[in-house]
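S.K.: Residue numbers (this note's numbering): 6 to 281.
1) Taking the straight line between their C-alpha atoms, what separation do you get for residue 119 and residue 113?
2) List the residues that DSSP assigns as beta-bridge partners of residue 160.
3) Report buried or exposed for residue 96, applying the criterion of at least 16 other Cβ atoms within 10 angstroms of its Cβ.
4) Tell me which residues share the same chain as residue 57 and place their Cβ nearer than 7 Å to its Cβ, disregarding the 5 neighbours each side in the sequence.
5) Taking only the alpha-carbon atoms, compute the straight-line gap between residue 146 and residue 170 and give it to the nearest angstrom.
6) Restricting to runs no shorter than 4 residues, where is the alpha helix (DSSP H) found entirely within the stretch 68-153?
7) Between which residues of its own chain and residue 78 is the CB-CB distance below 6 Å, once the five residues before and five after are set aside?
8) Where does residue 50 fall in DSSP's three states?
9) Can residue 138 and residue 126 be called in contact, C-beta distance under 8 Å?
10) Beta-carbon within less than 6 Å of residue 181's beta-carbon, same chain only, minus the 5 sequence neighbours each way: which residues are those?
11) Would you tell me roughly how many angstroms separate the C-alpha atoms of residue 157 and residue 150, rounded to the nearest one?
12) Taking only three categories from DSSP, how would you classify residue 3?
13) Taking the CB atoms as reference points, tell me whether residue 106 and residue 85 lie closer together than 8 Å.
14) Quick one: residues in its chain with C-beta nearer than 7 Å to the C-beta of residue 70, no 5 flanking neighbours on either side, listed in chain order?
15) Taking all protein chains shown into account, do 16 or more other C-beta atoms lie within 10 angstroms of the C-beta of residue 154, making it buried, or fewer, making it exposed?
16) Using a Cβ-Cβ cutoff of less than 8 Å, which residues in the same chain neighbour residue 178 once the five nearest sequence positions on both sides are dropped?
17) Let me know the secondary structure DSSP gives residue 169 once reduced to three states.
18) Between residue 103 and residue 110, how many whole angstroms is the CB-CB distance? I'm expecting something under 8 Å.
19) Are there 16 or more other CB atoms within 10 angstroms of the CB of residue 62, so buried, or fewer, so exposed?
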């Protein structure tokens, strides 16, 4: 009888919590509520939970990446899925080219297949590299800016229609001379007083051998004329006129008319690109 009473007393004490095995659930809930919510319901209060909305993005990262750490549907943009949000990722498409470089180089920082070209692998994209092939010669001075083994070329006239076309020329040196350029040179370079030297004996008696003549341009200023007329002087003495007619065969027909003796002489000269 005594043993039965003892067992009952122990049970009552246990049920009443007097032995410390029980607690007040309502008080525990109230205490937890005071410490804050558990947004994702994982049993860990938000103040202790590094990922409040359980979206696998740390709360601190979401705050830095401008997404809501309490909304599992609002996650940071991460184009390359490297767990670095785009706003803090210097290489959004993970192609090993920084976004800023891709923007400057004209490629897409959100497309891993769109990367800047860098011929010499110097880390500077070709569009911003003043020496694309890395041969030490600037692109503007390099005959072959995309060939590191060649920077000089054979220079000459590359215009096949020019009188002085050079088939071996790789780079045009600006020396090309055509019928049009000859006409323009005469109408421009000979405006005013110039010198002409007769280098062969004049058998016509029109001019003395090796005379130095002053030539004054007297035709209009149009560069499209097919002929040009000049007044000739021997020293200070006017001796006649010279008419230059440009032919399609590369020669210039020159007619000399003496105003003193009434003589006329016709000569043909091959057009030359050298004017002195």
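Glycine included, every Cβ here is placed at the ideal spot set by N, Cα and C. The structure presented is a predicted model; accordingly, all values stated were derived computationally and were not measured.
M.R.: Let me lay it out:
1) The residue labelled residue 119 in the question sits at position 114 within the chain shown. The residue labelled residue 113 in the question sits at position 108 within the chain shown. Taking the straight line from one Cα to the other gives about 6 Å.
2) Walking along the chain shown from the start, residue 160 turns up at place 155. DSSP output for residue 160 lists 176 as bridge partner(s).
3) Counting from 1 along the chain shown, the entry for residue 96 is found at position 91. Label assigned to residue 96: buried.
4) Taking the first residue of the chain shown as position 1, residue 57 is located at position 52. Cβ within range, chain order: 44, 45, 51, 64, 74 and 75.
5) The residue you call residue 146 lines up with position 141 of the chain shown. The residue you call residue 170 lines up with position 165 of the chain shown. Taking the straight line joining both Cα atoms gives about 23 Å.
6) 104-110, all fully within the stretch 68-153.
7) By one-based count along the chain shown, residue 78 stands at place 73. Taken in chain order, the list of residues that qualify is empty.
8) For the purposes of this step, residue 50 is taken as residue 45 along the chain shown, with counting starting at 1. Three-state DSSP puts residue 50 in coil, outside helix and strand.
9) The residue you call residue 138 lines up with position 133 of the chain shown. The residue you call residue 126 lines up with position 121 of the chain shown. Cβ distance not < 8 Å, so residue 138 and residue 126 don't count as in contact.
10) Reading the chain shown from its first residue, position 176 is the one you call residue 181. Hits under 6 Å: 162, 164 and 167.
11) Within the chain shown, residue 157 is the residue found at index 152, counting from 1. Within the chain shown, residue 150 is the residue found at index 145, counting from 1. Taking the Cα positions, residue 157 is about 10 Å away from residue 150.
12) Residue coverage of the chain in this structure runs from 6 to 281, which leaves residue 3 outside it and unanswerable.
13) For the purposes of this step, residue 106 is taken as the residue at position 101 of the chain shown. For the purposes of this step, residue 85 is taken as the residue at position 80 of the chain shown. Judged by beta-carbon spacing, residue 85 lies beyond the 8 Å limit of residue 106, meaning their Cβ atoms are not closer than that value.
14) For the purposes of this step, residue 70 is taken as residue 65 along the chain shown, with counting starting at 1. Excluding residues up to 5 positions away in sequence, 81, 90, 92 and 93 lie with their Cβ nearer than 7 Å to the Cβ of residue 70 in the same chain.
15) Mapped onto the chain shown, residue 154 falls at position 149. Label assigned to residue 154: exposed.
16) Here the question's residue 178 lines up with position 173 in the chain shown. So the qualifying residues of the chain are 160, 161 and 162.
17) Reading the chain shown from its first residue, position 164 is the one you call residue 169. Residue 169: coil per DSSP, three-state reduction.
18) One-based indexing of the chain shown puts residue 103 at position 98. One-based indexing of the chain shown puts residue 110 at position 105. Actually they do not touch by this definition, with Cβ atoms about 10 Å apart.
19) Here residue 62 refers to the residue found at position 57 when the chain shown is read from its first residue. That one is buried.
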